[in-house]
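Here the sequence shown stands for residues 640 to 1060, where the numbers follow my numbering.
A virtual CB, placed ideally from N, CA and C, is assigned to each residue, including glycine.
Each remark here refers to the structure printed beneath this line.
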Amino acid sequence: MAQTEQTTSDADERDALIAQRCPYSDLVTTGGSREPLAGFAELDSLRDAGPAHTLGTGQIIYTTYDLVQEIGQRADVFHSKAVDPATGKEAPFVLKPQTLDGPIHVKWRRLLASSFSPAAVARLEGSLRARANELIDGFIDRGHCDFAKEFALRFPTTIFLEHIIGLPVEELDKFIAWETDIMHPESTDPAEAFRIPIQAQTEVTEYLSQILDERRKTPAGERGSDLISRAMDWQIDGEPIPHEDLLSFYLLLFQAGLDTVAASLGYGFHHLASHPADRERIAADPSVIPSAIEEILRVYSVVNISRTAMTDTEVDGCPVKKGQHFILSLPAGNRDEQHFPDATTVDFDRTEISHLAFGVGPHRCLGSHLARQELAIAYEEWHKRIPVYEIDPDIPFDESRSLVMGLRSLPLQWDPAAVRR
């Protein structure tokens, strides 16, 4: 009896400490907003109220730069299991190698490294510039566009499909619809916000399985150099990668390659359209674009990442039980005033930009070189031709809230007489 009472007392003490150090928050991680940048404002308020909070899903969200970095680097304790933000439960689809840790994760990254090296990315420059201008040609005379839908989604996506993953660009609209359902489901109902992505992931996996079966019929030397074709012949520890693991890998490529750069472009152009001095500086002096990209990536980071405790441990003085799910908010951490002075201000001349936009620790984004080049070319080619533009105030703004934030729409307008054709 005494031992039971002691155990109960210890549990009560732990629960009280958790309630104190990780207070409840009603932050919504699904749905969207008609208010510009509302998602960032909510995360800022959450971080300013305290470094850690418990959500209605049971997940603990960490919002400071130091804690996000600490947990992200402790891959031996905090596993990268995928967790659904709508429910706080483990996601039914495993995304390899993102959800792997330890030596097997390292082996996957070594296989992938050459495809995303600076040299490999540099070879795409001509295709990227041509695609950017092709898209701009489609709406420049009109004097307006939905930037999110007509440029941001289509520019990096077509290059990724054609040159990286090896899927038909002709089916772009279908891929975008799937990607939107997976990454930015519109429902605010948790059950629907869980069902919609799962349905889309199921359809994508079935599609990819058919592609894989078709490629297997082609002799290895005739398949091409895209990742779907090359990965079929990869081996880990002398063994071919199983069919299901290949599908998991292809699904990860599909999700990552078709969304995050598009989301970053949306927020970047929203900022430039609403901050004329920054826009004018980029248009007048393209040499500032690399530093502008880093600062925009910091202030408008789009990814919140999941982690799961693999053992009982402690974070920032708060006890954590094995199996506890977390959200590490890269957007909140990158806007932390304790690390970046005047953190929510975009300053192209900032000298300390050790941001977390591409993640932290062993799972840091392997495609960061590609993302930076895509962003740089988009900024360069757009501002060569449309240097002056603004947000159309008469069309509603639409922002998505999920583990990956993004703009579903961004209406821009300009004077057709002031552009370069």
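(message) Taking 7 Å as the threshold (C-beta atoms), are residue 771 and residue 1016 in contact?
(response) If you check the CB distance, residue 1016 and residue 771 come in under 7 Å.
(request) With a 10 Å radius around its C-beta and 16 neighbouring C-beta atoms as the bar for buried, classify residue 749 as buried or exposed. (result) By the neighbour-count rule (16 or more Cβ atoms within 10 Å), residue 749 is not buried but exposed.
(request) Following the continuous beta strand (DSSP E) through residue 1052, name the residue where it begins and the one where it ends. (result) Here the beta strand (DSSP E) through residue 1052 covers 1050 to 1052.
(message) For a quick check, are the C-beta atoms of residue 905 and residue 1046 less than 7 Å apart?
(response) A distance below 7 Å separates the beta carbons of residue 905 and residue 1046.
(request) Determine the contact status of residue 886 and residue 803, defining contact as a CB-CB distance below 7 Å. (result) Cβ atoms of residue 886 and residue 803: not closer than 7 Å.
(request) Kindly identify the DSSP beta-bridge partner or partners of residue 1029. (result) 1052.
(message) To test your reading of the DSSP string, which unbroken beta strand (DSSP E) runs of 3 or more residues are found completely within the stretch 773 to 834?
(response) Secondary structure within the stretch 773 to 834: the beta strand (DSSP E) runs of 3 or more consecutive residues, fully enclosed, are 783 to 785 (chain order).
(message) According to DSSP, is residue 875 part of a helix, a strand, or is it coil?
(response) Of the three classes helix, strand and coil, the one that applies to residue 875 here is strand, per DSSP.
(request) Check whether the Cβ atoms of residue 794 and residue 763 sit closer than 7 Å, and answer yes or no. (result) The beta carbons of residue 794 and residue 763 sit no closer together than 7 Å.
(message) Based on DSSP bridge pairs, tell me the residues matched to residue 700.
(response) Answer by DSSP bridge pairing, in chain order: 692, 966.
(request) Compute the distance between the beta-carbons of residue 755 and residue 1005, then report whether it is under 7 Å. (result) Closer than 7 Å, so yes.
(message) What would DSSP say about residue 937, mapped onto helix, strand or coil?
(response) Residue state for residue 937 is assigned as helix, using DSSP reduced to three classes.
(request) Return the CA-CA distance between residue 920 and residue 862, expressed in angstroms with no decimal places. (result) In this model, residue 920 and residue 862 are separated by some 46 Å (Cα to Cα).
(request) Identify, in the order they occur along the chain, each residue of the same chain with its Cβ nearer than 8 Å to the Cβ of residue 745, setting aside the five sequence neighbours on each side. (result) Cβ neighbours of residue 745 beyond the five flanking positions: 1001.
(request) Could you tell me whether the Cβ atoms of residue 916 and residue 941 are closer together than 7 Å? (result) No.
(request) Check whether the Cβ atoms of residue 1034 and residue 1053 sit closer than 7 Å, and answer yes or no. (result) Going by C-beta atoms, residue 1034 is not nearer than 7 Å to residue 1053.
(message) Taking only three categories from DSSP, how would you classify residue 853?
(response) DSSP, read as helix, strand or coil, puts residue 853 in helix.
(request) Just the C-alpha distance for residue 692 and residue 662, rounded to the nearest angstrom, thanks. (result) Our two residues, residue 692 and residue 662, have alpha carbons roughly 5 Å apart in a direct line.
(request) Note down the Cα distance separating residue 781 from residue 985, rounded to an integer number of angstroms. (result) Cα-Cα distance, rounded: 30 Å.
(message) Tell me which residue opens and which closes the alpha helix (DSSP H) that residue 757 is part of.
(response) For residue 757, the enclosing alpha helix (DSSP H) has its first and last residue at 757 to 761.
(message) Using the Cβ count rule (16 or more neighbours within 10 Å means buried), how would you classify residue 993?
(response) That one is exposed.
(request) Within the same chain, show all residues whose beta-carbon is closer than 7 Å to that of residue 929, passing over the 5 residues directly before and after it, in chain order. (result) Residues of the same chain with a CB within less than 7 Å of the CB of residue 929, apart from the 5 flanking positions on each side, are 1015 in chain order.
(request) Measure from the alpha carbon of residue 740 to the alpha carbon of each residue in 752, 753, 714, then state which is nearest. (result) Comparing Cα positions, the closest option is 714.
(request) Quick one: give me the first and last residue of the beta strand (DSSP E) that residue 1038 is part of. (result) Taken as a continuous stretch (DSSP letters only), the beta strand (DSSP E) holding residue 1038 covers 1037 to 1039.
(request) Taking 8 Å as the threshold, find out whether the stretch 809 to 816 comes into contact with the stretch 847 to 863 through three or more Cβ pairs. (result) Look at the beta carbons and you see the stretch 809 to 816 not touching the stretch 847 to 863: under three pairs across the two are nearer than 8 Å.
(message) Tell me which residue opens and which closes the alpha helix (DSSP H) that residue 868 is part of.
(response) It spans 866 to 870 - the alpha helix (DSSP H) in which residue 868 sits, taken as one unbroken run.
(message) Going by DSSP in three states, residue 923 sits in which element: helix, strand or coil?
(response) Helix.
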